[in-house]
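See structure below.
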Amino acid sequence: MRTRDDLLAFLADIGVAATTYDHPAVFSVGESGKIKQEIAGAHTKNLFLKDAKGQLWLVSAEAHAEIDLKRLHTVVGGARMSFGRAELMEETLGVTPGSVTAFGLVNDRDHRVRFVLDRTLAEAELVNFHPLTNTATTTVSQDGLRRFLSAIGVTPMVVDFVAMRRVE
Numbered sequence: 510m511r512t513r514d515d516l517l518a519f520l521a522d523i524g525v526a527a528t529t530y531d532h533p534a535v536f537s538v539g540e541s542g543k544i545k546q547e548i549a550g551a552h553t554k555n556l557f558l559k560d561a562k563g564q565l566w567l568v569s570a571e572a573h574a575e576i577d578l579k580r581l582h583t584v585v586g587g588a589r590m591s592f593g594r595a596e597l598m599e600e601t602l603g604v605t606p607g608s609v610t611a612f613g614l615v616n617d618r619d620h621r622v623r624f625v626l627d628r629t630l631a632e633a634e635l636v637n638f639h640p641l642t643n644t645a646t647t648t649v650s651q652d653g654l655r656r657f658l659s660a661i662g663v664t665p666m667v668v669d670f671v672a673m674r675r676v677e
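This is the structure we're talking about:
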C-alpha cells in the first residue's frame, strides 16, 4: 500500500501540483472547521460504502452535502448501501476510519471500488482531500484531480447531490 509520501511523490511524477497542510488529526467534517477556514478550495467528506450485492463504493462529496443513503443506490445503479467495514477499507484503499479520501483510490489496484464524485467537487477550481492520513490536507486543482484519476484508471460517476441525480 502506498503511504502519504508515496502518494505525494506519485502526484509530482504525473505533473500534479499539490500543496499539503499538516494539522492535528480530524475524524469528521465537524472537527475540521478551523482548518478549512485556513485552506482555500472545496472541502470534502468521503464515505466508504458497500452495497447489498457486495460492490464497494467511495463517495466524495462537498463537506456540507447531504447524502441520502436510502436513495443513493437508485441514482448510481447499485443495491442498498451501508458503511463498509474498516478492515475492508484498509484492504482496498489503504486508509483507516477518519482518513477516507479519493486519494485512497491509488491503492485500489484491482479497481474493486466504484468512485462517486459530487458535482460541486467536479466543478470546483481547487479541491482538498486527506493525503491517506487525517493529519494533513492536500489541495489540488480540478485539472490535477482529473489527471490523478486518469493516471490510476478511474472514471468518476458524477452525482448532483442537491438534485440527487447522475450528471454524467
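The opening residue of the sequence shown carries number 510 in this note's numbering; numbering runs sequentially from there. The beta-carbon is built from N, C-alpha and C at its ideal position, and this holds for glycine as well.
Please classify residue i: does DSSP put it in a helix, a strand, or coil?
| i | result |
| --- | --- |
| F592 | strand |
| F657 | helix |
| V604 | coil |
| D617 | coil |
| T664 | coil |
| T629 | helix |
| A572 | coil |
| A561 | coil |
Pull up the CB-CB distance for residue i and residue j, whole angstroms please, since I reckon it's below 8 Å.
| i | j | result |
| --- | --- | --- |
| R668 | V625 | The displayed chain sequence assigns Val, not Arg, to residue 668. So it is a contact: roughly 5 Å between Cβ atoms. |
| L520 | L641 | Not confirmed; about 11 Å, so no contact. |
| L556 | A611 | With 8 Å as the limit, L556 and A611 do not qualify as a contact, their Cβ atoms being about 11 Å apart. |
| A633 | G550 | 6 Å |
Would residue i and residue j be called neighbours here (beta carbons separated by less than 7 Å)?
| i | j | result |
| --- | --- | --- |
| R618 | V676 | no |
| T644 | A518 | no |
| A527 | K554 | no |
| R513 | V615 | no |
| R589 | M673 | no |
| V525 | G662 | no |
Looking at C-alpha atoms only, which residue of the options is the closest neighbour of residue i?
| i | options | result |
| --- | --- | --- |
| M666 | T528, L558, S569, K559 | S569 |
| G563 | R594, T512, A574 | R594 |
| F529 | V663, Q651, T647, I661 | Residue identity differs from the one stated: residue 529 is Thr in this sequence, not Phe. The shortest C-alpha separation from T529 is found at T647. |
| N621 | I576, V615, I661, L565 | The sequence given here places Arg at residue 621; Asn does not occur at that position. Nearest C-alpha to R621: L565. |
| L578 | V663, L558, E596, R655 | L558 |
| I523 | R656, E599, S608 | R656 |
| E600 | D652, D560, G613 | G613 |
| I548 | D560, H532, L556, A561 | H532 |
| H552 | L658, S650, A561, T664 | S650 |
Would you say residue i touches the ligand FAD, meaning its beta carbon is less than 6 Å from a heavy atom?
| i | result |
| --- | --- |
| D577 | Among the components of this structure there are no ligands whatsoever, and the ligand FAD is therefore not found. |
Quiz item: Pairing CB atoms from the stretch 637-654 with CB atoms from the stretch 580-598, are three or more of them under 8 Å?
Solution: no
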